[in-house]
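One structure is given below, encoded as structure tokens.
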RNA sequence: UGAAGUAGUCGGAUAAUCGCGUCUGUUAAUCAGAUGAGGAAAGUCCGGGCAUUCAAGGACAGGUCGCCGGAGAAACUCCGGAGUGCGUGAGCACGUGGAUAGUGCCACAGAAAUGUAGACUGCCGAUGACUGUAGACUUAAAUUCUUGUCACAGCACAGGCGAUGGUGCAACGGUGAGUUAAGAGCUUCACCAGCGUAUUCGAGAGGAUACGGCUAGGUAAACCCCGACUGAAUGCAAGAUUAAAUGAAGAACUAAGGCUGUCCGCCAUUCUUCGAAAAAUCGCUAGUGGCUGUAAGCAAUUACAGUCCCAGACAGAUGAUUAUCUAGAAACAGAACCCGGCUUAUGAGCUGCUUCAUUUU
RNA sequence: UCCUCAGUAGCUCAAUGGCGGAGCAACCGGCUGUUAACCGGUAGGUUGUUGGUUCGAGUCCAACCUGGGGAG
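Residue numbers (the working numbering): 25 to 145.
Shown next, in the form of structure tokens:
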């Protein structure tokens, strides 16, 4: 789990990120990317979303969110962030396809998504 | 040994590395320590606490409940009984006041579906100046004529009867016998069902026995009647506080609006939009609490004593990897203000008590 | 988190407690040189599930399942 300062919190921030319409998808997970950073010192904030429409049971949804969060954390720790840290916000959204996958598969998917992020918006 | 019934229990463990929420201490943007989901946290089906709004109050309407006793703050709650039904049995299920207060409904079928019915169909001939008979008797009399009586059949209807009726879930008790012209609970008899009264057992629901008059269709999870209880609405995203400013614009206006559904009665203002889909703090977890023991009680539960403090988030904390073990990879499932129930979901096992069947002694 | 409504044929909807129906679609036949339109016919339902009340439930009662809408 990331600390609070790295988390995306405000409703307005989520809406602003969606409005830019800059996204990548792979095997049931979609990555939305926000604005480019004006300054390198500002930390990149991340949000993880699994909708109630995706699955009814809270346990399954929490499980997917935790797996996504953990794999992102490990990538951040290993320095495999590529170009993702040049943007203000990232949002990972999970869908039906990703529900049945285990940790290793989800880690692969998220590594690929981060690799896809381009330098210029 | 096999098959059942019922009441419980458990809800993965150990180690290593990385990581998160909250609290405490320390430090200055670190480090250490403590602690961190459930039996159903679920469904939201009930009940309460708590909060706000409205209400001077009254009446009616409405709502909820419905065998008996007890427990409980209360409940579509629990415990122990009664009754009815199911099961060989241990046991299980039940929304179980009133149908003689009244109203409605009872399709099709059936003579008739509630009104103590009798129209129709039918049974009888104790009745009749009726009809018939190569029937019997009477007479001397086979035939014919006359006289009457009886029998049988038909017709008539004054009348008797409520047994008969292709039905139907249900037909003013049921089955069998006696009696009778035919019949009938017909103050006849036997057994059974129901109602009333009395006695008796029980705290009560109710049970048992005796006697009586001979009888009252079903449905209230249809309206309803009776009895008991009941302020209403909104739900912590309730609501409170802080700073900005007791802000701005528009509409309705003395009969409209508001006050719970209505009425009586009461109020002087009320509504919409923007500011304001914003920020922080509180509410927020010590409570109708958990555990242990003793006493009372068949039990639910209660009383007393000791001991413990055990999540509190707000894009929302428990995860990932590796190794070992049970059974080679563990079910259902995630707190969101808090309690008490109910209902539903649940892997692999384990334990207590009880019943039935078979075999052996 | 809370409140509320619905579930009937492939689709859209009816149905006083008493034989579950209509329109469109589907299939078959006719009409036409052919198609559409039109005409005639046919099949298709455990009334979301499981219990109960009743002589008898799509309907009444209870518990569940699924889906929609609203508050913020």
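Don't be surprised by glycine CBs; every beta carbon is placed ideally from N, CA and C.
- With at least 16 other beta carbons inside 10 angstroms of its own, residue 113 counts as buried.
- In the three-state reduction of the DSSP assignment, residue 88 falls in the helix class.
- With respect to the 7 angstroms criterion, residue 50 and residue 123 are not classified as neighbours on the basis of their beta carbons.
- With respect to the 7 angstroms criterion, residue 115 and residue 56 are classified as neighbours on the basis of their beta carbons.
- Following the DSSP letters along the chain, one finds residue 128 inside the alpha helix (DSSP H) bounded by residues 127-140.
- Note: residue 47 is bridge-paired with 56 in the DSSP secondary-structure output.
- Less than 7 angstroms divides the Cβ of residue 85 from the Cβ of residue 74.
- CA-CA distance, residue 80 to residue 126, rounds to 19 angstroms.
- Per DSSP, the continuous beta strand (DSSP E) segment holding residue 114 begins and ends at 113-118.
- Sequence-distant partners of residue 135 (beyond 5 residues in either direction) whose C-beta falls short of 7 angstroms from its own C-beta, in its chain, are 99, 104.
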